[in-house]
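K.L.:
So the protein sequences, as listed, match chains G and A. Quick note: the first sequence uses my numbering, first residue 50, plus one each step. Quick note: the second sequence uses my numbering, first residue 50, plus one each step. Sharing a structure below in structure tokens format, with a few things to ask.
Number of protein chains: 2
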Amino acid sequence: MSTASLPDLLAAPADDLLVLTASLVAVPSVSRQEGELADHVERRLAERASQLARTRVGNTVIARTELGRERRIVLGGHLDTVPANGNAVPRLEGDVLHGLGSADMKGGLAVLLRLAEEITASEEPRFDCTLAFYEGEEIADEFNGLRHVFAERPDLLAGDFAVLLEPTGDHIEAGCQGTLHLRAHFEGERAHSARPWMGRNAIYAAAGVLERLAAHETDTVLVDGLPYRESLQVVRIEGGVANNVVPDECTIVVNRRFAPKYSVDEARAQVEKLLVGADRVEVINASPAAPPNLGHPLAAEFVEVLGLDVEPKLGWTDVARFASRDIPAVNFGPGDPDVAHTADERVSRASVEQCYAAFARFLGLAA
Amino acid sequence: MSTASLPDLLAAPADDLLVLTASLVAVPSVSRQEGELADHVERRLAERASQLARTRVGNTVIARTELGRERRIVLGGHLDTVPANGNAVPRLEGDVLHGLGSADMKGGLAVLLRLAEEITASEEPRFDCTLAFYEGEEIADEFNGLRHVFAERPDLLAGDFAVLLEPTGDHIEAGCQGTLHLRAHFEGERAHSARPWMGRNAIYAAAGVLERLAAHETDTVLVDGLPYRESLQVVRIEGGVANNVVPDECTIVVNRRFAPKYSVDEARAQVEKLLVGADRVEVINASPAAPPNLGHPLAAEFVEVLGLDVEPKLGWTDVARFASRDIPAVNFGPGDPDVAHTADERVSRASVEQCYAAFARFLGLAA
């Protein structure tokens with residue numbers, strides 16, 4: 050592997066999962082520019098898994114079996130990546146692929162593409178399957194492909210259990226925490242900075258609240274026995290008019306990540322209590338948490354068949370979108386979540402191959 | 050006055066000081082765009098005070114008598130204004146002129162233009178006079194016309210006493226406070242906001258220092274019996290990478306205005322003590338204070354002839370530039386400093402006429 054050049058590898062039919070991942074990394078797909086990769090996925094499905102029913106909604110591609118099985122599993126992977134950080138070109142080093150999106154989540158897309166082929170080749174898959182390759186996950190929710198399909202063609206995403214192939218390393222991540230962004234405005238009155246007593250400094254008005262937020266200790270909340278460690282961070286602060294003017298406005302953006310024990314409204318009330326002193330607080334966005342749902346038979350079976358540890362998912366993922374529609378969902382995909390969105394994003398051969406094998410086992414495909 | 054239209058008034062020879070002020074307001078001269086107004090001033094001096102020696106340096110115009118008097122008085126007015134704020138077009142309402150720059154400081158320029166004519170017409174002016182119409186006062190020091198002339202042709206600004214025609218209302222403002230801008234950097238470490246314990250929040254690192262600055266009480270410092278009320282303001286704050294990232298940097302800009310009792314280094318040391326906890330502090334700019342110099346014979350005579358109250362100047366002005374070259378200087382000009390840089394900037398007829406009369410008395414011109 051390590052001696053062959055990448056172009057040579059990409060020219061060969063990609064039956065190797067790591068090479069297939071590299072070929073997907075080689076097609077740039079920063080959010081809002083997923084068209085080429087969606088075309089690529091559609092073409093490959095047409096060539097190698099033509100029996101699947103394919104539908105395209107925007108740059109989201111949905112492929113489904115129609116075997117009449119009693120239960121349907123939905124597997125989802127987003128096509129988009131965050132912007133490149135000097136890592137746009139994939140690079141194979143032995144059994145490790147480096148490059149933008151290798152972990153988050155083109156390794157997962159490679160697993161999905163291989164599963165599409167094997168499901169159609171298999172004689173007795175245990176479930177009907179829906180594979181969703183979707184756009185717009187890394188940016189504002191309004192661009193999310195699953196959101197669009199749920200709105201326009203919810204039938205395409207119906208199912209009994211869902212797995213999102215977000216990178217989770219060698220364990221399953223159950224549920225997800227909710228996320229809430231609030232913007233707090235502090236107001237003052239402008240004045241020349243040589244005569245500040247003629248005005249009121251909005252940055253000073255924010256100082257006490259900032260100090261309170263900095264000192265706040267967040268909880269770890271147990272749900273289904275899983276420890277959801279919450280967080281509360283000021284992620285932005287902005288204030289100032291000119292260097293000789295007492296500022297009349299200061300704004301902070303607070304991000305709270307909350308355990309599935311709480312609703313959005315409860316989480317919001319908790320943060321607003323800490324923001325007392327602000328002149329105005331507005332919600333920028335709010336996404337509910339997803340319960341782990343480990344008591345659900347399919348979720349329990351998935352955990353048992355894979356035989357892996359289950360940990361709580363701390364970041365928000367689209368499992369919450371399924372959970373809010375009463376479809377239990379978990380996260381399980383190749384790659385280390387800690388390298389996602391970093392310059393040295395990478396994924397190993399073992400990680401993609403073990404992930405594929407786990408899904409094949411669960412779905413009842415040939416090993 | 051109030052019934053004539055502005056164009057009619059501007060077409061008439063402007064012997065009326067308020068109309069002359071209006072004609073200067075009618076020529077836009079936002080900082081870095083003073084060329085047209087400098088041309089206008091040069092032309093008027095050529096037509097009406099041709100005996101004065103004129104020199105142009107950039108868009109700064111210097112006009113000087115060469116009478117061989119023992120002492121020379123330098124009078125300065127800046128040509129530029131801050132950006133318009135819905136007040137670009139001058140408007141006369143009875144005896145009040147509204148418009149950008151009317152107070153800061155085209156009323157003062159009108160007084161200077163009239164003085165230029167009367168000095169050349171006068172038989173016995175008491176002093177030689179230098180009139181400086183200069184560019185770039187309202188913006189960064191590097192653009193300041195006096196700075197350029199002091200650097201390139203210091204002989205043009207030599208003198209025994211200087212007056213800056215900044216708006217001071219009906220009193221004289223002595224000396225000026227120094228001004229110091231420091232930028233303090235607080236560092237952290239990026240992490241996903243769902244896992245903040247993997248990083249360190251730079252905004253939280255700044256919170257304690259902000260709280261300390263907000264609580265800080267500044268002094269009023271007596272110099273030559275004048276109360277210089279100091280100030281210390283955070284005028285800018287900035288931090289944040291993305292709404293889901295623990296920020297790794299937060300910067301604040303602090304502006305300290307300090308009494309002429311202190312040097313720049315002393316003022317800086319005082320602020321740095323309050324910034325303990327910052328990872329790095331840099332000086333953005335520093336301008337020394339100017340002592341009131343009221344003991345100087347010409348300053349004392351100016352105060353006595355005018356018979357007006359003397360107050361300390363809290364904002365920084367170019368008097369400090371003269372003071373640092375051992376030329377005592379004070380501020381005295383028409384207009385209320387509190388309306389400078391506001392949408393309703395204005396100046397009254399009485400203000401410009403009384404200011405002119407005061408200078409005429411001091412310089413020994415015909416009333």
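We treat Cβ as the ideally placed atom computed from N, Cα and C, and that holds for glycine.
1. Which residues of chain G have a Cβ atom closer than 8 Å to the Cβ of A/G289, listed in chain order?
2. Could you name the residues of chain A that G/V417 contacts, counting a contact when the two beta carbons are closer than 8 Å?
3. Which same chain residues end up closer than 6 Å to A/V131 when comparing Cβ atoms and leaving out the 5 residues on each side of it in sequence?
4. According to DSSP, is G/V290 part of a helix, a strand, or is it coil?
5. For A/R306, go through chain G and note every residue whose CB falls closer than 8 Å to its CB, in chain order.
6. So which of A/N193, A/V90, A/L73 has the shortest CA-CA distance to A/H147?
7. Please say whether G/S336 and G/G227 have beta carbons closer to each other than 7 Å?
8. Say whether the region 296-308 of chain A touches the region 272-283 of chain A, bearing in mind that this needs 3 or more beta-carbon pairs closer than 8 Å, one atom from each stretch.
9. Rounded to whole angstroms, what is the Cα-Cα separation between G/A316 and A/E298?
10. Given a cut-off of 7 Å on the beta-carbon distance, is the pair G/G157 and G/L214 in contact?
11. Could you give the C-beta distance for G/L275 and G/P341, rounded to a whole number, given that I count them as a contact under 8 Å?
12. Would you mind sorting G/P309 into buried or exposed? The rule is 16 or more other CB atoms within 10 Å of its CB.
13. Less than 7 Å between the beta carbons of G/P383 and G/V401, yes or no?
14. Report the start-end ranges of each alpha helix (DSSP H) in the region 263-340 of chain A that is 4 residues or longer and not cut off at the edges.
15. Using a C-beta to C-beta distance shorter than 7 Å, which residues of chain G count as neighbours of A/G326?
16. Check the Cβ of A/G364 against every Cβ in chain G and list those closer than 7 Å, keeping chain order.
17. Please report the distance separating the alpha-carbon of G/S80 from that of G/A263.
18. Give me the Cβ distance between G/D328 and G/F235, rounded to the nearest whole Å; I'm assuming they're in contact under 8 Å.
19. Could you check whether the Cβ of G/R398 sits closer than 7 Å to any Cβ belonging to chain A?
20. Counting only beta-carbon atoms, is A/L259 nearer than 7 Å to chain G?
21. Quick one: what does DSSP say A/T114 is sitting in, helix, strand or coil?
22. Check whether the Cβ atoms of G/L231 and G/V320 sit closer than 7 Å, and answer yes or no.
23. Taking CB distances under 7 Å as the criterion, tell me whether A/I221 reaches chain G.
24. Could you check what DSSP says for G/R244 in three-state terms: helix, strand or coil?
25. Is it right to say G/P203 is buried, meaning 16 or more other beta carbons lie within 10 angstroms of its own, or is it exposed?
26. What does a CB cutoff of less than 8 Å around A/V354 pick up in its chain, not counting 5 residues either side in sequence?
27. Cβ closer than 8 Å: which chain G residues qualify as neighbours of A/Q226?
28. Whole angstroms are fine: how far does the CA of A/V258 sit from the CA of A/G208?
29. Please report how far the alpha carbon of A/G125 lies from the alpha carbon of G/N292, in whole angstroms.
30. Find out if the Cβ-Cβ distance for the pair G/L128, G/A112 is shorter than 7 Å.
31. Classify G/G227 as helix, strand or coil using the three-state DSSP reduction.
32. At the 7 Å Cβ level, is A/I188 part of the contact set with chain G, yes or no?
33. Give the interface partners of G/A338 over in chain A, defined as CB-CB distance under 8 Å, in chain order.
34. Return helix, strand or coil for A/H197, following the three-state DSSP convention.
35. If you draw a straight line from the alpha carbon of A/M50 to that of A/D219, how long is it in whole angstroms?
36. Under a CB-based cut-off of 7 Å, is G/Y253 close to chain D?
P.N.:
Well, looking at it:
1. By Cβ distance, chain G contributes V284, R285, I286, E287, V302.
2. The question about residue 417 of chain G has no answer, for chain G in this structure spans 50 to 416.
3. Excluding residues up to 5 positions away in sequence, E187, H390 lie with their Cβ nearer than 6 Å to the Cβ of A/V131 in the same chain.
4. Note: G/V290 maps to coil in three-state DSSP.
5. Within chain G, the C-beta atoms nearer than 8 Å to that of A/R306 come from S242, A243, in chain order.
6. Cα-wise, what sits closest to A/H147 is A/L73.
7. In this structure, G/G227 places its C-beta atom within 7 Å of the C-beta atom of G/S336.
8. The region 296-308 of chain A, when compared against the region 272-283 of chain A, does touch it at the 8 Å Cβ threshold.
9. When rounded, the distance between both Cα atoms is 27 Å.
10. Going by C-beta atoms, G/G157 is nearer than 7 Å to G/L214.
11. About 6 Å separates the two Cβ atoms, so the contact holds.
12. Classification of G/P309: buried, given that the 10 Å Cβ count is 16 or more.
13. It is a contact, given that the beta carbons lie within the stated cut-off.
14. Runs found: 313-323.
15. Within 7 Å Cβ-Cβ: nothing; A/G326 doesn't reach chain G, min ~12 Å.
16. Under the 7 Å cutoff, chain G gives H241, A243.
17. Taking the Cα positions, G/S80 is about 33 Å away from G/A263.
18. Their Cβ separation, rounded to whole angstroms, is 6 Å, which keeps G/D328 and G/F235 in contact under 8 Å.
19. So, not an interface residue.
20. So, interface residue.
21. The answer is coil: DSSP assigns A/T114 none of H, G, I, E or B.
22. Yes, they are a contact pair.
23. Between A/I221 and chain G, the shortest Cβ-Cβ separation is not below 7 Å.
24. In the structure shown, G/R244 sits in coil (DSSP, three-state: anything other than H, G, I, E or B).
25. Exposed: under 16 other Cβ atoms inside 10 Å.
26. Result list for A/V354: A407, R410, F411, in chain order.
27. Chain G residues near A/Q226: A243.
28. When rounded, the distance between both Cα atoms is 45 Å.
29. Straight-line Cα distance between these residues: approximately 24 Å.
30. It is not a contact, given that the beta carbons lie outside the stated cut-off.
31. In the structure shown, G/G227 sits in a strand (DSSP, three-state: E or B).
32. No, because no Cβ of chain G sits closer than 7 Å to the Cβ of A/I188.
33. Neighbours of G/A338 on chain A: none; closest Cβ ~11 Å, over 8 Å.
34. The three-state reading of DSSP puts A/H197 in helix, counting H, G and I together.
35. The pLDDT assigned to A/M50 is 39, lower than 50, so where the model puts this residue is not dependable; a value taken from the coordinates is nonetheless given after this. Roughly 23 Å separates the two Cα atoms.
36. Among the chains of the structure shown, chain D does not appear; the protein chains present are G and A.
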